[in-house]
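The next block holds one structure in the form of structure tokens; read it before the comments.
In the UniProt record's numbering, the protein residues as written are 1 to 146.
Below you can see the structure in the form of structure tokens.
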């Protein structure tokens, strides 16, 4: 695969997230993953199969009313191999309240995903972000009280 092809798979994944788990072709976002794929999400852990990935997406997605990734602001890093890194921002609404990258500056909405994409399928997606979308976990960080 070319870097551009890998980028398109990753973009389809992000757009599927924004569309409630449905890809642009009307299929399931899970169709983008290899049967033995791994997905890491903070405070959830590692999902090591499509069944576990479905559980992860159900658990996390069940806390989100909406999410929108800012496609025009994505940064891409290509390794020349199967790894692709995408850094970006988002906004949306969690069951505990809305979020938007930069509002507040320390809050949720900035993220980085590391993908391994081979043969048109996501083999690994490690998601790095603050899962406190609504910014409620402030008591443990004294600098946020200022």
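C-beta: ideal position from N, C-alpha, C; glycine also.
Could you tell me whether the Cβ of residue i comes closer than 8 Å to any Cβ of chain C?
| i | result |
| --- | --- |
| residue 18 | Among the chains of the structure shown, chain C does not appear; only one protein chain is present. |
Return the bridge partner residues of residue i from the DSSP annotation.
| i | result |
| --- | --- |
| residue 68 | 91 |
| residue 124 | 38 and 116 |
Check each candidate in the options and name the one with the smallest Cα separation from residue i.
| i | options | result |
| --- | --- | --- |
| residue 114 | 101, 120 and 129 | 129 |
| residue 44 | 37, 57 and 81 | 57 |
| residue 1 | 20, 64 and 80 | 80 |
| residue 133 | 118, 94, 124 and 119 | 94 |
| residue 12 | 65, 86 and 138 | 86 |
| residue 6 | 46, 41 and 84 | 84 |
| residue 112 | 35, 41, 34 and 22 | 41 |
| residue 31 | 54, 48 and 47 | 54 |
| residue 22 | 61, 48 and 110 | 61 |
| residue 64 | 109, 46, 49 and 33 | 109 |
Are the CB atoms of residue j and residue i within a distance shorter than 8 Å?
| i | j | result |
| --- | --- | --- |
| residue 9 | residue 122 | yes |
| residue 90 | residue 67 | yes |
| residue 70 | residue 97 | no |
Assuming residue i and residue j are in contact, meaning their beta carbons sit under 8 Å apart, how far apart are those beta carbons, in whole angstroms?
| i | j | result |
| --- | --- | --- |
| residue 118 | residue 37 | With a Cβ gap of about 10 Å, residue 118 and residue 37 do not count as contacting. |
| residue 82 | residue 51 | At roughly 23 Å, the Cβ-Cβ gap does not stay under 8 Å, so residue 82 and residue 51 are not in contact. |
Measuring CB atoms only, is the stretch 104-112 touching the stretch 9-26, in the sense that at least three cross pairs come out at less than 8 Å?
no
Quick check: the stretch 21-32 against the stretch 72-80, are at least 3 beta-carbon pairs closer than 8 Å?
no
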